[in-house]
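What follows is a single structure, written as structure tokens, with notes after it.
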Amino acid sequence: MGSTEEPPTTPMDADASPPPAPPATSNSSPHHAADEDDDQNHNHMDDDGYATVRHQAAIDEQPSGNQQHAVAPLEVGTSVLCRWRDGKYHPVKVIERRKVMTPSRRIDYEYYVHYTEFNRRLDEWVRLDQLDLDSVEGALDEKVDEKGGNLKMTRHQKRKIDETHVEGHEELDAASLREHEEFTKVKNIATIELGRYEIETWYFSPFPPEYNDCGKLFFCEFCLNFMKRKEQLQRHMKKCDLKHPPGDEIYRSGTLSMFEIDGKKNKVYGQNLCYLAKLFLDHKTLYYDVDLFLFYVLCECDDRGCHMVGYFSKEKQSEEAYNLACILTLPPYQRKGYGKFLIAFCEILILHTMSSWWHQKRIEKNMWDMHKIIC
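The sequence shown begins at -17 in the working numbering and counts up one residue at a time.
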């Protein structure tokens, strides 16, 4: 598995409230409707500065010939144009839909869409007013040219997508791949708070069912326990006595430290680390039995503690010499060379393990040769 790369996430003060999430992310929160009760005109300004109008206003402004499209909910599988964060319209496919209650107590729909030009990690929930309903029945290619202009990715966009896109399903057959994509098609957690960062998630992660209705989870950055509310995290941090990952510190250079965690000795930490990693790795298999793995967590250290920037894991016993199981650099720390550092560190460990293995085999062979001579 390869390390993924993403532009750094905006940091926030650890004691401050997290910044408002993007519109599509906040729509996943169960408190979204309550947060906008004072929105008398049903208008909303998203984080990118684009004024959007709710479903009812969108219907009122539609020409009479198009009202039929606005009233009828779009079906799953529909191809349509959607306004993205860059202000342009991009082709999407409707993956799922759900009913929501508007502040005016009307039943409305939100749509989970996949941007067909981009990696699946950009999939998100959108409102009807973000969709160009005229494009549903029209020729998609023509509408792309009309509404979005040149929708080819810039070199910067393509480089970002190429760096974060991970080909990870080679080991799955077609049936297994379809089953995997169906089960994980909708992200269940939109954002997480980890230390001083609020991070948008990329993929589905199979958290326990009681956490699936949370738009946001709060992680303790030291023990990786996760909670539903900020208040729970604050109470936990007063009692948590960890300032670094559990396990043994096996490397230190300047402000960097590497910790080795035995999955058998620290089972809960290992499982929580897998839950966290799955949010950013589409192809990761979640192992609930972490006893067979060693986890190597890289940290940036300061006077407040050791803050995880990434990790890799490997099997304790493997028939193959290269037994790397998973590797990840967290989004806020990407594009800093940590991915290459993790790979290099893993290779050194493997060479050391192989050297020890060959040394042990040589000793056993010499002892056997001596036994034959004596006998």
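Ideal Cβ placement from N, Cα and C applies to all residues, glycine included.
Anticipated Cβ contact below 8 Å, residue i with residue j, distance rounded
i	j	result
residue 200	residue 175	5 Å
residue 358	residue 279	The chain is shown only over -17 to 357; residue 358 falls outside these bounds and no answer can be derived.
Nearest candidate by alpha-carbon position, reference residue i, set the options
i	options	result
residue 225	278, 235, 288	288
residue 316	283, 251, 181	181
residue 108	168, 249, 322	168
residue 193	55, 97, 170	170
residue 256	296, 95, 240, 73	296
residue 188	261, 67, 305, 240	261
residue 95	58, 84, 86, 68	58
residue 361	334, 230, 322, 284	With the chain running from -17 to 357 in the structure shown, residue 361 is simply not present.
residue 185	78, 85, 263, 195	263
residue 177	218, 77, 308	218
residue 433	71, 265, 253, 196	Only positions -17 to 357 of the chain appear in the structure, and residue 433 is not among them; the question remains open.
residue 242	235, 231, 332	231
residue 286	76, 85, 68, 237	237
residue 73	307, 112, 246, 331	112
residue 78	93, 85, 166, 332	93
residue 229	235, 284, 244	244
residue 80	195, 183, 191, 323	195
residue 190	247, 221, 326, 253	253
residue 300	324, 332, 116	332
residue 323	227, 68, 110, 235	235
Contacts around residue i, its chain only, beta-carbon distance under 7 Å, and the 5 residues preceding and following it disregarded
i	result
residue 258	201, 206
residue 293	255, 277, 278, 279, 280, 310
residue 291	280, 281, 282, 311, 312, 315, 320
residue 212	200
residue 98	73, 74, 75
residue 152	Its pLDDT being 43, under 50, residue 152 is placed unreliably by the model, and the measurement read from it follows with that caveat. Counting only Cβ-Cβ distances below 7 Å, and skipping sequence neighbours, we find nothing.
residue 166	185, 186
Residues of its chain near residue i, where Cβ-Cβ distance is below 6 Å and the 5 sequence neighbours each way are ignored
i	result
residue 141	With a pLDDT of 44 at residue 141, under the threshold of 50, the modelled position of that residue is not reliable, and the figure given next carries that caveat. Hits under 6 Å: none found.
residue 209	200, 215
residue 13	Legend: pLDDT at residue 13 = 39, less than 50; position of this residue unreliable, value from coordinates given subsequently. Excluding residues within five positions, none has a Cβ falling inside 6 Å.
residue 105	96
residue 233	240
residue 198	173
residue 330	none
residue 84	90
residue 139	Because the pLDDT of residue 139 is 46, which lies under 50, any placement of that residue in the model is unreliable, and the question is left without a value.
residue 82	90, 92
Cut-off 8 Å between Cβ atoms - residues of its own chain near residue i, not counting five sequence neighbours on either side
i	result
residue 118	51, 56, 60, 61, 62
residue 298	274, 275, 276
residue 328	278, 294, 296, 306, 309
residue 284	237
Residue i: CB within 7 Å of a non-hydrogen atom of the ligand PLP
i	result
residue 60	For the ligand PLP, the structure offers nothing, since it holds no ligand at all.
inquiry  = In chain order, what are the residue ranges of uninterrupted alpha helix (DSSP H) at least 4 long that sit wholly in the region 284 to 308?
reply    = none
Length-filtered (3 minimum) beta strand (DSSP E) runs lying within the region 207 to 273 = 230 to 235, 238 to 244
Uninterrupted beta strand (DSSP E) stretches inside the region 47 to 118 (no shorter than 3 residues) = 61 to 65, 71 to 83, 89 to 97, 106 to 109
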